[in-house]
Amino acid sequence: MTGGMTRINKVAILGGGNLGGAIARGFAASGFVEPGNVVVTRRRVELLGDLAAAGFHTLSDNRAAVQGADVVILCVQPQQMEELLEGVGRALDADRQVVISTATGMSIADIRRWVGSEVPVLRAMPNLGIAIGESMTCLAADGASIDAVPVARAVFDVMGSTLVIREDQMTSATALCACGIAFFLRAIRAASQGGIEIGFHADEALQLASQTAKGAAALLLSNRNHPEMEIDKVTTPQGCTISGLNEMENRGFSSAMVRGIIRSADKAGGLYQAGE
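Counting in our numbering, the sequence shown runs from 11 upward without gaps.
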């Protein structure tokens with residue numbers, strides 16, 4: 011499968027927490043892999059009842075889950091990864107399986123300590139938008155896994171956009187994309203709170219703020235312009251837009267966002283080491 015073939019029949023998602031569940035739902039929404047061909051595991055399998063009801067196979071046995079899977083997605087916290095890999099590492103089939111890890115701070119070289127040098131191993135950093143086909147997913151591979159990149163792209167392209175980056179950029183991708191979705195949600199929340207202050211009901215303010223944010227992002231993705239080019243279109247001399255922007259900058263809006271992303275990247279870089 012790593013030689014250019016990207017037909018995927020069965021996927022195992024080891025770790026059915028928030029991200030693992032979102033990836034499973036993303037598969038269902040895209041139609042790329044039928045729910046019946048997706049196995050999701052969790053130590054407390056009863057917590058996967060909603061996925062089981064949606065037609066996914068749910069198990070607590072990771073070794074059983076990887077049997078026959080074309081793609082194995084590791085979706086546990088970095089501190090849990092060693093225990094997981096000790097259980098399944100030698101059960102993987104280097105000839106027909108691709109392993110994709112979403113663990114922050116754990117390198118491909120770290121994972122190879124358990125799976126060996128022959129199994130294709132990649133890292134992926136999606137975000138929760140994956141459940142509705144709107145993830146920004148960054149992918150990285152080592153030299154031994156480069157032929158499996160099309161497989162990883164096939165998996166994640168159907169659930170949003172993908173970008174192949176160097177592995178040493180994955181920590182930064184965690185901060186900007188995975189953590190970043192929370193930053194933008196907080197910005198939307200703040201905008202809706204401002205809307206309440208100026209007279210809208212809470213549900214109206216949230217709808218207005220959310221759709222406005224969606225439109226702003228869509229403009230950039232469609233036009234491929236720098237944000238300031240679009241901002242200039244709605245800022246007139248002595249107008250209300252520039253007045254609001256200047257007030258936000260005086261309060262530290264941009265610098266707070268930049269510092270938050272840097273802080274998250276610093277934290278993400280130490281997650282696996284903290285668990286050793």
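Even glycine gets a Cβ: it sits at the ideal position worked out from N, Cα and C.
{"query": "Minimum C-alpha distance to residue 149 - residue among 128, 122 and 187", "result": "187"}
{"query": "Separation of residue 93 from residue 24, as counted between CA atoms", "result": "12 Å"}
{"query": "Residue of 185, 236 and 47 minimising C-alpha distance to residue 79", "result": "47"}
{"query": "Cβ neighbours of residue 189 in the same chain (closer than 6 Å, five flanking residues each side left out)", "result": "274"}
{"query": "Start and end residues, beta strand (DSSP E) containing residue 187", "result": "Looking at the DSSP string, residue 187 is not in any beta strand (DSSP E), and its letter there is neither H nor E."}
{"query": "Nearest residue (CA-CA) to residue 108, options 209, 127 and 97", "result": "127"}
{"query": "Straight-line Cα distance separating residue 61 from residue 82", "result": "18 Å"}
{"query": "Whole-number beta carbon distance between residue 72 and residue 99, since they are thought to touch under 8 Å", "result": "Not a contact, Cβ separation roughly 10 Å."}
{"query": "Outcome for residue 123 when other beta-carbon atoms lying within 10 angstroms are tallied against a minimum of 16", "result": "exposed"}
{"query": "Straight-line Cα distance separating residue 105 from residue 223", "result": "45 Å"}
{"query": "Assigned secondary structure, residue 69 (DSSP; H/G/I helix, E/B strand, else coil)", "result": "strand"}
{"query": "Backbone secondary structure at residue 204 - three-state DSSP", "result": "helix"}
{"query": "Alpha carbon of residue 285 to alpha carbon of residue 89, nearest angstrom", "result": "Low confidence applies to residue 285: its pLDDT is 43, below 50, so where it sits in the model is not reliable, and the reading given next is rough at best. Their Cα atoms are separated by approximately 5 Å."}
{"query": "Where the beta strand (DSSP E) through residue 173 begins and ends", "result": "170 to 174"}
{"query": "Identified DSSP bridge partners for residue 94", "result": "According to DSSP, which records beta bridges pairwise, residue 94 is partnered with nothing at all."}
{"query": "Proximity winner among 76, 75 and 85, relative to residue 26 (alpha-carbon distances)", "result": "85"}
{"query": "Whether residue 131 touches residue 102 by CB criterion (7 Å)", "result": "no"}
{"query": "Separation of residue 212 from residue 119, as counted between CA atoms", "result": "49 Å"}
{"query": "Minimum C-alpha distance to residue 37 - residue among 180, 253, 167 and 69", "result": "167"}
{"query": "Whole-angstrom distance between residue 231 and residue 142, CA atom to CA atom", "result": "17 Å"}
{"query": "Nearest-angstrom Cα separation, counted from residue 39 out to residue 170", "result": "11 Å"}
{"query": "Counterpart residues of residue 83 in DSSP-defined beta bridges", "result": "23 and 110"}
{"query": "Under 7 Å between C-beta atoms of residue 229 and residue 240", "result": "yes"}
{"query": "Cut-off 6 Å between Cβ atoms - residues of its own chain near residue 95, not counting five sequence neighbours on either side", "result": "124"}
{"query": "Beta strand (DSSP E) segments (min. 3 residues) lying fully within the segment 113 to 155", "result": "131 to 135 and 145 to 151"}
{"query": "Residue environment, residue 68, which counts as buried when at least 16 other CB atoms sit within 10 Å", "result": "buried"}
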